[in-house]
Every structure is written in structure tokens, then in C-alpha cells.
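Engineer:
Residue numbers (my numbering), protein chains in the order written: chain Z, 111 to 528; chain G, 55 to 349.
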């Protein structure tokens with residue numbers, strides 16, 4: 111392979127496609143939306159305060175005081191630390207009146223048999239949602255526990271009863287070793303980052319394959335392809351296109367990141383650095399490896415399949431088969447969260463077309479067996495030259511057949527060298 | 055320049071090129087002729103290393119096929135250009151793919167555009183050019199890298215008479231510059247004017263091969279054309295006399311040589327203003343050979 115020719119083709123593809131209206135519109139759409147949001151924010155800065163007030167009014171449940179009608183005797187008098195949030199009423203009618211007048215957000219009516227039944231009636235205005243909010247409130251929970259147990263048990267036990275568990279999760283490896291503490295941020299990033307990378311991979315595959323298809327189909331439709339292949343080998347042409355259009359995809363991502371950085375005053379970049387720091391090095395390195403191998407494999411396949419179609423539409427239909435395969439791991443995504451090392455996930459990890467997305471989703475979720483990592487990378491590494499060989503063969507005939515698509519029989523004959 | 059030996063190419067059960075052998079010599083214009091589907095384009099694509107043969111040997115400029123791409127130019131029958139690319143950029147890109155340095159390619163492309171009167175269009179997109187302009191541009195795209203050997207597959211296809219003359223002149227100029235040209239065309243009148251030697255292939259096999267003049271002589275009809283007032287009725291060896299536009303076509307009997315007819319006319323004192331062996335156009339030879347084979 112002559113690298114100089116590959117470079118010339120890659121440069122040409124890059125320079126031609128970066129000027130395409132479709133690329134410019136798509137690349138600028140995201141920063142434009144950001145700019146629009148900023149502009150609207152600036153324009154309606156004054157009005158936004160009023161808008162905020164409107165929503166605050168809609169969401170405001172009114173007064174924050176909670177009335178208490180105690181018939182059990184456990185809550186009388188109210189402990190002093192709750193005096194700012196709770197107010198005792200002797201009669202329920204008075205509490206109801208105060209609630210309807212907007213002086214209270216809710217009323218707790220505690221029955222005489224509270225100790226036996228735990229029965230408490232919550233009175234609120236508006237929707238039943240407000241009662242649910244009161245029920246789940248940590249403050250209300252502490253209010254009950256403190257009134258029942260004060261003076262009965264050790265204050266430490268009382269505090270634990272009010273807040274029984276401060277959860278901190280650890281994941282064990284197969285050998286039983288803890289893989290480090292996971293903070294809330296670590297947990298979020300362990301889901302967020304792999305999903306971001308996997309979606310990024312598939313998006314780039316779709317975008318770049320679209321350009322590859324367009325590039326190949328245009329050269330074929332305009333009949334310029336025969337002049338080109340009289341100067342370069344199909345493998346050089348394909349490699350140059352894959353490299354040039356890959357660079358286009360990276361340019362697009364770079365523009366998005368830079369524009370995000372610009373609009374957020376650097377916050378996005380800081381987030382990206384923090385996110386990267388929170389991800390284990392193993393996940394980050396493998397993510398990049400699977401991304402690069404996955405893109406290369408798919409780009410080669412898209413380019414070669416694109417050469418078989420007689421029109422752009424036909425090429426896109428053919429390429430759709432591979433796009434469908436690429437998203438299979440997402441279809442079993444929810445199942446993966448609970449069992450990342452399930453047999454089906456492991457099998458899909460060894461299949462080159464699903465290996466990149468499957469492994470990028472599995473690696474952050476659990477300790478993936480090393481044989482899966484090695485096997486999936488080996489499958490991708492071996493399939494790339496094979497795809498390049500098959501693709502070049504298909505190029506050889508597909509590109510020069512203008513009137514009809516080669517049949518499966520003809521393709522098989524080409525691959526067998528006949 | 056080109057040496058093809060026993061070349062064979064199959065598409066499934068169809069034999070496109072069948073044990074074909076021929077040679078193209080340095081600085082000649084060689085005609086590669088044949089009916090549609092005869093195997094001409096397949097043969098050219100194999101020589102250009104676009105297709106791989108099933109058998110036989112191809113030597114181009116003393117090297118195996120594919121190793122001399124930088125020195126070979128190609129104007130394919132199925133041709134086109136990047137419509138959205140600028141005219142000069144198109145030529146520079148194609149020259150670079152042939153191994154020419156960018157700066158050299160730019161100056162050569164500019165010179166060629168001047169030669170075909172497109173210098174004012176260098177910065178315009180290809181799609182803005184008229185069809186005739188695009189055809190001229192396609193022609194120079196095949197020679198922008200200054201090749202020694204040039205394949206022209208149907209270079210006159212779709213051209214108006216004015217552009218046919220332009221391309222003819224360009225081919226003649228290239229020939230004078232020492233280039234070797236392989237010309238495939240269905241326009242036999244142009245092949246007759248331009249080519250030194252020809253190869254006629256049918257069903258992938260060579261059916262005529264050699265100097266055009268010799269082939270024409272070989273296929274010359276047994277007719278002489280005489281421009282005179284009248285032809286004596288008792289002229290020996292004449293099977294028929296056919297008046298033709300102020301002249302007479304004399305169909306000779308079997309075994310009669312045209313020299314014998316000329317001598318007999320002179321002996322009888324006939325005033326002869328013109329006498330020639332009736333020429334046979336190449337298209338008639340084509341039809342006779344290919345048609346005979348088909349029959």
C-alpha cells in the first residue's frame with residue numbers, strides 16, 4: 111500500500127466533506143442551539159424572574175408549618191426543637207380551618223391507638239401528592255421517632271432509629287477484593303460515561319458511514335471512480351476514505367466540545383476532566399480501544415457495502431443491516447445492568463460487529479473476565495484486515511458495475527477469486 | 055510498449071477475453087476495435103490493473119501490469135468528474151494520485167487548460183461547464199500527469215463535430231510528442247484517419263490484427279474505379295460495369311488483376327482521368343468480419 115496515495119485521498123475527502131452543507135449545518139446546529147439558549151436568557155433576563163416566580167407559586171404548597179392534632183398523648187407537649195415547623199392543635203376543626211386559611215401546609219391527626227396501629231391521618235389541600243410528600247419527609251420521620259423515644263433509649267440509638275442507614279456501596283472482584291469505594295459521583299459516572307461513550311460510538315458510526323456512503327455513491331454515480339481506481343489500488347482508496355472521514359467525525363466532536371466549553375465558560379471541560387478522573391483507567395483505556403477498533407471496522411464495512419449499491423438509496427439500505435447489528439447491545443441494555451457477565455452478553459462480546467458497544471457497556475459495570483477482553487479485542491483486530499480484504503474485493507467489482515447490484519452468487523465468486 | 059500473451063478473463067460461465075495475444079509498439083496509435091461486448095473494455099481494465107486476469111501475461115512499459123500506473127493515462131468509456139470540485143483542483147488531485155508533485159501538477163494542469171481553452175474556467179466548479187467543455191476536461195484529465203502510454207476508450211463519444219476535431223488534433227499532437235496511444239472507438243472513419251495498426255476482437259478473440267493498410271488491402275473488393283467518358287463493351291475480364299457518380303465501377307472476373315484492366319484500357323486508347331482500386335472502408339471490413347462470425 112502506498113501511504114502517500116492514502117494521505118492524498120484522506121486529505122481530499124476531508125477537505126471536500128468539511129465544506130458540505132450537511133456537515134456544516136449538523137456541526138453548527140448544536141453550538142447554535144447553545145447560542146440561542148444564551149441569547150434568550152439574556153433577552154428575557156428580567157422576565158425570567160417573573161416566570162420563576164410564577165412556577166414557584168405553582169409549586170409552593172403554601173405555609174411550611176405542619177399542624178399536629180395529638181389524641182395519643184405521645185406528642186404533647188411538642189419537643190422544643192420542632193417548634194419552628196410543627197404547631198399543636200387541641201381540636202381537629204381548628205387545625206382544618208388553619209389549613210384551609212393557608213396557615214398550614216398539612217395537618218397530622220394522630221389517633222388514640224397510634225402505638226398499636228401507627229395510624230396517622232394526613233390532611234392537605236391540593237393533590238394527594240402533597241400527602242405523599244409529607245409521608246416520605248425525613249423531618250416528619252424524625253419528628254415521630256424523637257417524640258416516641260426521647261428519654262426511653264440512648265440518644266445514639268434514637269438517632270440511628272431516625273436515620274437507620276448511611277449507605278456506602280463497594281463492589282467485590284471475583285477474588286473477593288474490594289474494588290474501591292464508590293461515591294455517588296463514581297456511581298453516576300460508572301453508568302454515565304460508558305453510556306456516553308457507547309452512544310458516541312454508534313452516533314459516529316452512523317454519521318461517518320453516511321459520509322462514506324455518500325462519497326462512494328457519488329464517485330460511482332458520476333463515473334469518476336474508474337479514473338481513480340486506474341491510479342490507486344482499491345485498498346488504498348478505501349483506507350484513505352476511512353481515514354479522511356474518520357478525521358471529519360473527530361473534527362465535528364472537537365467543535366462540539368470547544369463550543370460547549372465556550373458557552374459554559376469552561377464548565378464542560380472541567381466536567382470532562384473530572385469525569386475522566388472518576389473513571390477507572392482500565393475503563394477509559396478499553397473504552398478508547400473499543401471505540402477506535404469499532405469505528406475502523408464499521409467504516410470499512412460501510413464503504414465496501416456502499417460500493418455494491420447502484421444508487422445512494424440502495425447503498426443506504428444495504429448499510430442499514432450493519433447499523434441494526436450495532437444497536438443490538440442496547441436492546442439488552444437493562445438486562446445487562448443486573449447481569450453484565452450473562453452468557454448472551456459474553457457471546458455478543460466475541461462477535462466483531464457487536465463487540466465494541468457490548469464491551470463498552472460491560473466493562474464499567476463489572477469486572478469482565480480477561481478472556482472476554484482479550485477475545486473481543488482479538489476478534490476486532492483480526493476482523494479489520496479481513497474486512498479490508500473483503501471490502502477491497504467488493505470494491506473491485508462493485509464500483510465498476512453501474513447498472514445492477516452484484517448478486518450473492520457473484521459476490522461469492524469474487525471472494526473465491528473467480 | 056505493451057505485450058499481451060494468452061490473456062483470459064471469465065465472468066462466471068462467460069468468457070470475456072479468450073486467450074488474447076497482441077503487442078502495442080512505441081509511439082504508434084493502436085486501434086482496439088470490436089462490437090459491443092467483445093471484451094475491449096475488459097482487456098483495457100486488465101491492462102490498467104483494475105481487473106485481474108484469470109490467465110495469461112500482461113507487460114506494460116516492460117513491467118507487470120499495475121507497476122507502471124504513473125506512466126499510463128486512461129480515459130474510460132464510463133467517465134465523469136467530481137461535479138462540485140473546481141476545474142483546476144480536479145486536475146491537480148488526479149495528477150497527484152498518479153504520483154505527480156502538487157506544485158508540478160498545478161502548473162501542468164494550468165498549461166493544459168490553456169491548451170483546451172478552459173483557462174478562464176480554472177476556478178469554477180465542474181458542474182458549471184457545458185457538456186463539451188466537460189468532455190475536453192475529461193480528456194486532459196487522462197493526460198495531466200504526462201504519461202508515456204494513453205488509453206482512450208471511446209474518446210469521441212457524444213462529441214459535436216467541433217469537439218471531435220479538437221480531440222483529433224490533441225491526439226495527433228500527443229502522437230507527435232512521442233506518446234503511444236491505444237484508441238478504442240466505434241467511429242471507424244476516425245480510426246482510419248488516426249491509427250497505424252489495429253486489433254479487431256470479437257467474443258474475446260482476435261479476429262484481425264496488423265497494419266491497417268495491409269488489412270484494407272487484404273479485404274479490398276475485386277473492383278476498380280475508373281473516371282472516364284465510357285468503358286469499352288469488349289473489355290476482357292470484366293464481370294459487370296456500374297456507373298457511379300460520373301465514374302464507373304468495374305467488377306473484375308475471377309483471377310483478373312487490376313493491372314490487366316488498366317493495360318487493356320490503355321491498349322484501347324481510352325482516355326483515363328482517374329484509376330484506382332476501389333477503397334474499402336473499415337466499417338465494411340468490420341461488418342464483414344464480425345457479421346460473418348456472427349452468422
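Positions of the beta carbon are idealized from the N, C-alpha and C atoms, including for glycine. Please read these numbers as outputs of a predicted model, since none were measured by experiment.
Mind checking whether residue 191 of chain Z and residue 273 of chain Z have CB atoms under 9 Å apart?
Structural biologist: No, they are not a contact pair.
Engineer: Short of 9 Å Cβ to Cβ, which residues in the stretch 108-123 of chain G face chain Z?
Structural biologist: For the stretch 108-123 of chain G, which is checked against every Cβ of chain Z, the residues closer than 9 Å are 108, 120 and 123.
Engineer: Excluding five sequence neighbours on each side, which residues of the same chain lie with their C-beta closer than 8 Å to the C-beta of residue 139 of chain G?
Structural biologist: For residue 139 of chain G, where only same-chain residues beyond five positions count, the Cβ hits under 8 Å are 147, 179 and 180.
Engineer: Could you tell me the alpha carbon to alpha carbon distance between residue 197 of chain G and residue 414 of chain Z, rounded to whole angstroms?
Structural biologist: Rounded to whole angstroms, residue 197 of chain G to residue 414 of chain Z spans 29 Å at the Cα level.
Engineer: Using the C-alpha atoms, what's the distance from residue 238 of chain G back to residue 86 of chain G?
Structural biologist: Roughly 5 Å separates the two Cα atoms.
Engineer: Does residue 434 of chain Z pass the burial test, meaning 16 or more other C-beta atoms within 10 Å, or should it be called exposed?
Structural biologist: Exposed, because fewer than 16 other Cβ atoms sit within 10 Å of the Cβ of residue 434 of chain Z.
Engineer: Please report the residue range of the alpha helix (DSSP H) in which residue 479 of chain Z lies.
Structural biologist: No alpha helix (DSSP H) contains residue 479 of chain Z, which DSSP labels as neither H nor E.
Engineer: Assuming residue 303 of chain G is part of the alpha helix (DSSP H), what are its boundary residues?
Structural biologist: Segment 301-306 is the beta strand (DSSP E) holding residue 303 of chain G; no alpha helix (DSSP H) there.
Engineer: For my contact list, residue 235 of chain G and residue 228 of chain G are in at a C-beta cut-off of 8 Å; report their separation, rounded to the angstrom.
Structural biologist: Right, their Cβ atoms sit about 6 Å apart.
Engineer: Have a look at G:207, G:275, G:91 and G:135 and flag the residue whose alpha-carbon is nearest the alpha-carbon of residue 102 of chain G.
Structural biologist: For residue 102 of chain G, the nearest C-alpha among the options comes from G:207.
Engineer: Under a CB-based cut-off of 9 Å, is residue 424 of chain Z close to chain G?
Structural biologist: False, the Cβ-Cβ gap to chain G never drops below 9 Å.
Engineer: Residue 234 of chain G lies in the beta strand (DSSP E); which residues open and close that run?
Structural biologist: First-last of the beta strand (DSSP E) with residue 234 of chain G: 234-238.
Engineer: Mind checking who residue 517 of chain Z pairs with in its DSSP beta bridge?
Structural biologist: Partner(s): none; residue 517 of chain Z has no beta bridge.
Engineer: Using only the alpha-carbon positions, how far apart do residue 144 of chain G and residue 337 of chain Z sit?
Structural biologist: Roughly 12 Å between the two C-alpha positions.
Engineer: Do residue 123 of chain Z and residue 497 of chain Z have their C-beta atoms closer together than 9 Å?
Structural biologist: Contact: no.
Engineer: Whose Cβ in chain G lies nearer than 7 Å to the Cβ of residue 122 of chain Z?
Structural biologist: Going along chain G in sequence order, the residues near residue 122 of chain Z (Cβ under 7 Å) are 147.
Engineer: Whole angstroms is fine: what's the gap from residue 466 of chain Z's alpha carbon to residue 175 of chain G's?
Structural biologist: Using only the alpha carbons, I get a separation of about 48 Å.
Engineer: Please classify residue 100 of chain G as buried or exposed, where buried requires at least 16 neighbouring CB atoms within 10 angstroms.
Structural biologist: Residue 100 of chain G is buried by the Cβ-count criterion.
Engineer: Anyone know if the C-beta pair for residue 321 of chain Z and residue 129 of chain Z falls short of 9 Å?
Structural biologist: No, the Cβ-Cβ distance between residue 321 of chain Z and residue 129 of chain Z is not below 9 Å.
Engineer: Once DSSP output is grouped into helix, strand and coil, what is the label at residue 147 of chain G?
Structural biologist: Residue 147 of chain G falls in the helix class under three-state DSSP.
Engineer: Measuring CB to CB, does residue 194 of chain G end up less than 9 Å from residue 279 of chain G?
Structural biologist: For residue 194 of chain G and residue 279 of chain G, no; Cβs fall outside 9 Å.
Engineer: Could you work out which residues of chain G lie near residue 338 of chain Z, taking near to mean beta carbons separated by less than 7 Å?
Structural biologist: Result: 151.
Engineer: Quick one: what's got a C-beta closer than 6 Å to residue 305 of chain G's C-beta in the same chain, skipping five residues either side?
Structural biologist: Answer for residue 305 of chain G: 277, 293 and 294, listed in chain order.
Engineer: Kindly indicate which three-state DSSP category residue 322 of chain G falls into: helix, strand or coil?
Structural biologist: Three-state DSSP puts residue 322 of chain G in coil, outside helix and strand.
Engineer: Would you give the residue range spanned by the beta strand (DSSP E) that residue 203 of chain Z belongs to?
Structural biologist: Looking at the DSSP string, residue 203 of chain Z is not in any beta strand (DSSP E); the run it does join, the alpha helix (DSSP H), is 202-210.
Engineer: Mapping DSSP to helix, strand and coil, what is residue 234 of chain Z?
Structural biologist: Strand.
Engineer: Give, in chain order, every residue of the stretch 322-356 of chain Z whose Cβ lies closer than 7 Å to some Cβ of chain G.
Structural biologist: Answer set for the stretch 322-356 of chain Z: 332, 333, 334, 336, 337, 338, 339, 340, 341 and 342.
Engineer: Would you call residue 186 of chain Z buried or exposed, if buried means 16 or more other Cβ atoms sit within 10 Å of its Cβ?
Structural biologist: Per the 10 Å Cβ criterion, exposed.
Engineer: Could you list the residues in the stretch 170-198 of chain G with a C-beta less than 8 Å from some C-beta on chain Z, going in chain order?
Structural biologist: So the list reads 195 and 196, given in the order they occur along the chain.
Engineer: For residue 310 of chain G and residue 291 of chain G, what's the separation of their Cα atoms in angstroms?
Structural biologist: Distance between the alpha carbons of residue 310 of chain G and residue 291 of chain G: 6 Å.
Engineer: Residues of chain G with a CB under 7 Å from the CB of residue 118 of chain Z: which are they?
Structural biologist: Here the neighbours are 150 and 151.
Engineer: Figure out for me which residue from G:254, G:84 and G:324 has the closest Cα to the Cα of residue 288 of chain G.
Structural biologist: Comparing Cα-Cα distances from residue 288 of chain G to each of G:254, G:84 and G:324, the minimum goes to G:324.
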